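K.L.:
Dropping a structure here in structure tokens format, bear with me for questions.
There are 2 protein chains.
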Amino acid sequence: MPLPLHRGNGLPLYQQIQQRLADQIQAGVFKPSEPLPSIQKIAAQMGVSQMTVRQAIKSLCEIGMLYSRQGKGTFISGIKLEKEFRHVLSFSEEARAHGATPHSRLLSFSIQKPSEETRAALALADGDRVFRLHRVRYEDSLPISIECSCLAVSACPDLMEIFDPDTSLYERLADHYGIQLAITEEVIEVGKANMEEARLLQVPRQSPVFLFTRVSFREDGRPVEHVKSTYRGDRYKIVNRLMRTRRSVLGASHIL
Amino acid sequence: MPLPLHRGNGLPLYQQIQQRLADQIQAGVFKPSEPLPSIQKIAAQMGVSQMTVRQAIKSLCEIGMLYSRQGKGTFISGIKLEKEFRHVLSFSEEARAHGATPHSRLLSFSIQKPSEETRAALALADGDRVFRLHRVRYEDSLPISIECSCLAVSACPDLMEIFDPDTSLYERLADHYGIQLAITEEVIEVGKANMEEARLLQVPRQSPVFLFTRVSFREDGRPVEHVKSTYRGDRYKIVNRLMRTRRSVLGASHIL
DNA sequence: TAGTGGTCTAGACCACGGC
DNA sequence: CCGTGGTCTAGACCACTAC
């Protein structure tokens, strides 16, 4: 019987319960495929309401640590949790997430007329201009990718003054403009490195590469950034976790 | 003021509310960045409890259709919902999802000693044997990928008798063995088509291709299938939606 | 029948934002 | 200050599973 729950201090009860259950599972108190004590028992034992325990358990189900079966119980999944889901991450965050030190070399930074693709992606009006930020990205002095970001000048007017090549662009957007990126849509294709890409990435010509096209949005759906990147294929791979889908909430008219 | 909610018939109230709100948003009753009526008002207007409305709204937030701000309200996101998240999908489901007809050509189907990689991925004991299913996958008679699936013989002993090359393998696993796949872990790399791959996929040699390595699990974490696939790069691309991460529930000892 | 998870109620209080 | 969403309670009933 471990520590009591703290009521009224910062952390909500359900998050404390969630953390405690996660700790116990990772410590091996419960084994995979074994049932957790029932919600009623956990609630009684911890002195909280059943709804509060449910909230904790639901979160742990969503990340695949538990699964519930009506009428049977809640069970421990044996899924290894080292592999996380992919999220919206800046290059800097992603590098640090696997223990490397990120930095970047600026190739160019200018204000331009957007390409038609960028204009459409950022929903720009005729005549709107964009910042175009062209960089090579490194992890521990190893070149990993070439990135070309476009952002509307109107969204971050003095970006050229405040931009620091060694700070995450996303941090600057949050700090100075209150722009929080919530969702990224990406398309991933494969290609071959052309001469310039091969030189910048220090790989042979024609080497296979990943081609990313990403558009990032604020919570309300306004597009912020349109990025096209080339990642070297010999030093970069994508790790993903996918879960079985729930039924879509979209109407039939949206199914082509 | 539309239809009333149906109490006590199949669908839970919160799902009916969720569907109704989704319909209204897609019909343009509410515009992006506009606030939804407050939870209290929706609850009063629909004659249900606040918790029930919250449950509906929470689901819509999770798919990016709404977002909530404490103290301010709940707002409509302008994110286009045609682009869905990626899930665990069979090749057949994926093909049908974008309107193509899937089928496959069997190259070989045998019982073998697993490779060391497969043995580790499926947590097999020494001496365990696997089914090895080698196929070319087509969408509308266009070859898309070469797939090599391995499944433990002990998990689906008479697979060779019941397998039908034109039915989804996943459906058979569910039908005959009650095996439901819940989670897939995948690693995506790039490569160049070798001679045999180029021939089977009808692309030039050295063409860039996607290399997928996937392991699929049941809910309880038991591995079921280990797959290595080669997808042609000129006819296949990956579309993804990523969301900003919530804080991890893992302890510090798991951060490398 | 007993025990489980799933849904739902009618409140309560808190934290936060804007006025 | 008020209105908002976020958390929490102490129950209730239902649906499902197992015995």
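So the sequences go chain by chain: A and B.
Take -11 as the starting number for the first sequence in our numbering and just add one per residue.
Take -11 as the starting number for the second sequence in our numbering and just add one per residue.
Where is the CB? At the ideal position from N, CA and C, for every residue including glycine.
Being a predicted model, the structure only gives us computed values, none of them experimental.
Should the segment 180 to 189 of chain B be called in touch with the segment 138 to 149 of chain B, which here means at least 3 C-beta pairs below 8 Å?
P.N.:
Flag = no, the segment 180 to 189 of chain B and the segment 138 to 149 of chain B do not touch.
K.L.:
Could you run through the segment 15 to 31 of chain A and flag, in chain order, every residue whose CB is less than 8 Å away from some CB of chain B?
P.N.:
Listed in sequence order: P20, S21.
K.L.:
Distance cutoff 8 Å, beta carbons only. Does P196 of chain A sit that close to anything in chain B?
P.N.:
True, the Cβ-Cβ gap to chain B drops below 8 Å.
K.L.:
Kindly indicate the opening and closing residues of the beta strand (DSSP E) around Y126 of chain B.
P.N.:
Segment 118 to 127, the beta strand (DSSP E) holding Y126 of chain B.
K.L.:
Under the DSSP definition of a beta bridge, which residues are partnered with N228 of chain B?
P.N.:
A:E174, per the DSSP bridge assignment.
K.L.:
Can the beta-carbon of I67 of chain B be found closer than 8 Å to that of F205 of chain A?
P.N.:
For I67 of chain B and F205 of chain A, yes; Cβs fall inside 8 Å.
K.L.:
Can you tell me the Cβ-Cβ gap for V76 of chain A and R232 of chain B, rounded? I've got them flagged as a contact below 8 Å.
P.N.:
Right, their Cβ atoms sit about 5 Å apart.
K.L.:
Would DSSP call L139 of chain B helix, strand or coil?
P.N.:
In the structure shown, L139 of chain B sits in a strand (DSSP, three-state: E or B).
K.L.:
Which residue comes first and which comes last in the beta strand (DSSP E) that contains I99 of chain A?
P.N.:
Residues 90 to 100.
K.L.:
Which of helix, strand or coil does DSSP assign to L69 of chain B?
P.N.:
L69 of chain B falls in the coil class under three-state DSSP.
K.L.:
Relative to chain B, which residues along the segment 149 to 176 of chain A have a C-beta separation below 8 Å, given in chain order?
P.N.:
So the close ones are Q168, L169, A170, I171, T172, E173, E174, V175, I176.
K.L.:
Whose Cβ in chain B lies nearer than 9 Å to the Cβ of N(-3) of chain A?
P.N.:
Near N(-3) of chain A there are no residues of chain B at all, since even the closest Cβ is about 17 Å away, more than 9 Å.
K.L.:
Starting from F200 of chain A and walking both ways along the beta strand (DSSP E), at which residues does that stretch end?
P.N.:
Looking at the DSSP string, the run of the beta strand (DSSP E) that includes F200 of chain A is 196 to 205.
K.L.:
Short check: CB of Y158 of chain A to CB of S78 of chain A, under 8 Å?
P.N.:
A contact, by the Cβ cut-off of 8 Å.
K.L.:
So, using beta-carbon positions, are E207 of chain B and A162 of chain B closer together than 8 Å?
P.N.:
No, the pair does not count as a contact, with Cβ atoms beyond the cut-off.
K.L.:
If the cut is a Cβ gap below 9 Å, which residues of chain A does N182 of chain B touch?
P.N.:
Chain A residues near N182 of chain B: none, gap ~12 Å exceeds 9 Å.
K.L.:
Across which residues does DSSP place L130 of chain A in a beta bridge pair?
P.N.:
Note: L130 of chain A sits in a beta bridge opposite A:E127.
K.L.:
In whole angstroms, give me the CA-to-CA distance for Q6 of chain A and Q190 of chain A.
P.N.:
The alpha-carbon atoms of Q6 of chain A and Q190 of chain A are separated by roughly 46 Å.
K.L.:
Please report how far the alpha carbon of N(-3) of chain A lies from the alpha carbon of Q4 of chain A, in whole angstroms.
P.N.:
Computed Cα separation, rounded: 11 Å.
K.L.:
Quick check on V227 of chain B - is its C-beta less than 8 Å from some C-beta in chain A?
P.N.:
V227 of chain B counts as touching chain A.
K.L.:
To the nearest angstrom, report how far apart V215 of chain B and K19 of chain A are at their CA atoms.
P.N.:
Approximately 27 Å, taken between the alpha carbons.
K.L.:
State yes or no: is the beta carbon of F79 of chain A nearer than 8 Å to at least one beta carbon in chain B?
P.N.:
Chain B, which has no Cβ nearer than 8 Å to the Cβ of F79 of chain A, makes this no.
K.L.:
Among B:K225, B:A186, B:E174, which one has its Cα closest to the Cα of V203 of chain B?
P.N.:
Of the candidates B:K225, B:A186, B:E174, the one whose C-alpha sits nearest the C-alpha of V203 of chain B is B:E174.
K.L.:
Short check: CB of S56 of chain B to CB of I45 of chain B, under 8 Å?
P.N.:
Cβ distance < 8 Å, so S56 of chain B and I45 of chain B count as in contact.
K.L.:
So, with DSSP's three-state summary, where would you put H242 of chain B?
P.N.:
The pLDDT assigned to H242 of chain B is 34, lower than 50, so where the model puts this residue is not dependable; a value taken from the coordinates is nonetheless given after this. In the structure shown, H242 of chain B sits in a helix (DSSP, three-state: H, G or I).
K.L.:
Starting from the C-beta of S92 of chain A, find all residues in its chain whose C-beta is less than 7 Å away, skip the five residues before and the five after it, and write them out in chain order.
P.N.:
R123, V124, R125, Y126, P153, listed in sequence order.
K.L.:
Just tell me which of A:L(-7), A:Y2, A:R74, A:A186 has its CA closest to the CA of L48 of chain A.
P.N.:
Answer by Cα proximity: A:Y2.
K.L.:
Can you look up Q3 of chain A in the DSSP assignment and give me helix, strand or coil?
P.N.:
In the structure shown, Q3 of chain A sits in a helix (DSSP, three-state: H, G or I).
K.L.:
Does the beta-carbon distance from L199 of chain A to E213 of chain A come in below 8 Å?
P.N.:
For L199 of chain A and E213 of chain A, no; Cβs fall outside 8 Å.
K.L.:
Can you tell me whether M39 of chain A is buried or exposed? The criterion is at least 16 other CB atoms within 10 Å of its CB, across all chains shown.
P.N.:
By the neighbour-count rule (16 or more Cβ atoms within 10 Å), M39 of chain A is not buried but exposed.
K.L.:
For L112 of chain B, collect the residues of the same chain with a Cβ closer than 7 Å to its Cβ; drop the 5 residues on either side in sequence, then sort them by chain order.
P.N.:
Closer than 7 Å at Cβ, skipping near neighbours: P102, A140.
K.L.:
Given P131 of chain A, which residues of its chain have a CB within under 8 Å of its CB, disregarding the five upstream and five downstream residues?
P.N.:
Closer than 8 Å at the Cβ level, and outside the excluded window around P131 of chain A, lie V124, R125, L188, L189, Q190, R220.
K.L.:
Between L(-7) of chain A and M34 of chain A, is the Cβ-Cβ spacing less than 8 Å?
P.N.:
Cβ atoms of L(-7) of chain A and M34 of chain A: closer than 8 Å.
K.L.:
Could you spell out where the beta strand (DSSP E) holding L54 of chain B opens and where it closes?
P.N.:
Taken as a continuous stretch (DSSP letters only), the beta strand (DSSP E) holding L54 of chain B covers 54 to 57.
K.L.:
With DSSP as the reference, please indicate the residues paired to S217 of chain A in a beta bridge.
P.N.:
DSSP output for S217 of chain A lists A:E135, A:F200 as bridge partner(s).
K.L.:
At 7 Å on the CB atoms, spell out the chain B contacts of M231 of chain A, in chain order.
P.N.:
In chain order: H75, V76, A170, I171.
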